[in-house]
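Note sheet for the following structure.
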Amino acid sequence: MPQTHQAQPAPRFVPVAKSLPEQIADAVACRSTPLSHLLRLMAALQAEGGNESLRLKLRARIGAPLDA
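Numbering (the numbering used here), first residue to last: 20 to 87.
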């Protein structure tokens, strides 16, 4: 069966990757970030060599109570 038009692939949204410090800042600021994500960020920070101030912020957020 002949086609009357050429199908074009749909444009896809490809987000720009954020740096690890930006990801950590966003995760710390958002109270709904899951603990599992915070722990993955901590592991990535340690693997990268780790900025001490970022590590402390992330550690404080991991230990913060949910209603704080």
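Backbone N, C-alpha and C define an ideal beta-carbon position, used for all residues, glycine too.
Note that the structure is a prediction, hence the values are computed from the model and not measured.
Item, Value
"Within 8 Å, strictly: CB atoms of L64 and R50", "no"
"Where V35 falls: helix, strand or coil (DSSP)", "coil"
"Span of the alpha helix (DSSP H) around A62", "54 to 67"
"Contacting residues, own chain, Cβ-Cβ under 6 Å from T52 (five flanking each side not counted)", "A46"
"Neighbour-count burial assignment, R78, 16 or more Cβ in a 10 Å radius", "exposed"
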